[in-house]
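**Student:** The numbering of the sequence shown is my numbering, which starts it at 4 and goes up by one. Next up is a structure, given as structure tokens.
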Amino acid sequence: MASTSLTFTVTKDEGAEPRTATLECPGGDTAACEALEKVERTTFDPVPKDQACTMILGGPETATVTGRLDGSSLEASFSQQNGCEIARWKQITPVLEALDLL
């Protein structure tokens with residue numbers, strides 16, 4: 004089984020101090036690792052530029068995720084700036100909650 008080591012950084016609002024947590028799986032926070040297992044891996048892919056998305060604002064929060072996921076390098080950004088981004092945000096919300104970043 005490939006290891007996972009990810010750093011999650013969440014900023015709740017523009018100008019707010021970012022909060023950061025690192026997750027190591029296996030061996031780390033069990034609840035967060037279990038939540039991460041349920042996240043579709045495509046969630047970490049950016050929304051395609053030609054994707055039609057509803058123009059709705061879900062909130063000012065942003066997040067970045069960097070590190071290694073299942074042994075592969077990962078760098079992803081999340082926001083709630085439109086319907087597509089909100090859907091991605093909802094996928095990682097259980098992980099962020101388990102890490103006490105929300």
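Don't be surprised by glycine CBs; every beta carbon is placed ideally from N, CA and C.
Curious, which full-length alpha helix (DSSP H) runs of at least 4 residues does the region 10-70 contain?
**Tutor:** Segments of the alpha helix (DSSP H) lying fully in the region 10-70: 33-40.
**Student:** Could you tell me whether the region 81-98 touches the region 57-69, using the rule of 3 or more Cβ pairs below 8 angstroms?
**Tutor:** yes
**Student:** For Pro21 and Ala34, what's the separation of their Cα atoms in angstroms?
**Tutor:** Position 18 of the sequence shown, counted from the start, is the residue given in the question as residue 21. Position 31 of the sequence shown, counted from the start, is the residue given in the question as residue 34. Answer to the nearest angstrom: the Cα atoms are 22 angstroms apart.
**Student:** Cutting at 6 angstroms between CB atoms, please list the residues of its own chain near Thr46, excluding the five before and the five after it.
**Tutor:** For the purposes of this step, residue 46 is taken as the residue at position 43 of the sequence shown. The residues are Arg91, Gln94.
**Student:** Whole angstroms are fine: how far does the CA of Glu17 sit from the CA of Glu3?
**Tutor:** The question about residue 3 has no answer here: the residues shown for the chain are numbered 4 through 105.
**Student:** Can you tell me which of the three DSSP states Ala79 falls into?
**Tutor:** Here residue 79 refers to the residue found at position 76 of the sequence shown. If DSSP states are grouped into helix, strand and coil, Ala79 belongs with the strands.
**Student:** Do you know offhand how far Thr23's Cα is from Phe11's?
**Tutor:** Against the sequence shown, residue 23 aligns to sequence position 20. Against the sequence shown, residue 11 aligns to sequence position 8. Whole-angstrom Cα-Cα distance: 6 angstroms.
**Student:** Would you decide whether Thr57 is buried or exposed? Buried here means 16 or more other CB atoms lie within 10 Å of its CB.
**Tutor:** Stepping through the sequence shown from its first residue, residue 57 is reached at position 54. Classification for Thr57: exposed.
**Student:** Considering only the alpha carbon of each residue, which of Thr96, Asn85, Val98 lies closest to Lys52?
**Tutor:** Within the sequence shown, residue 52 is the residue found at index 49, counting from 1. Among Thr96, Asn85, Val98, the Cα nearest to that of Lys52 is on Asn85.
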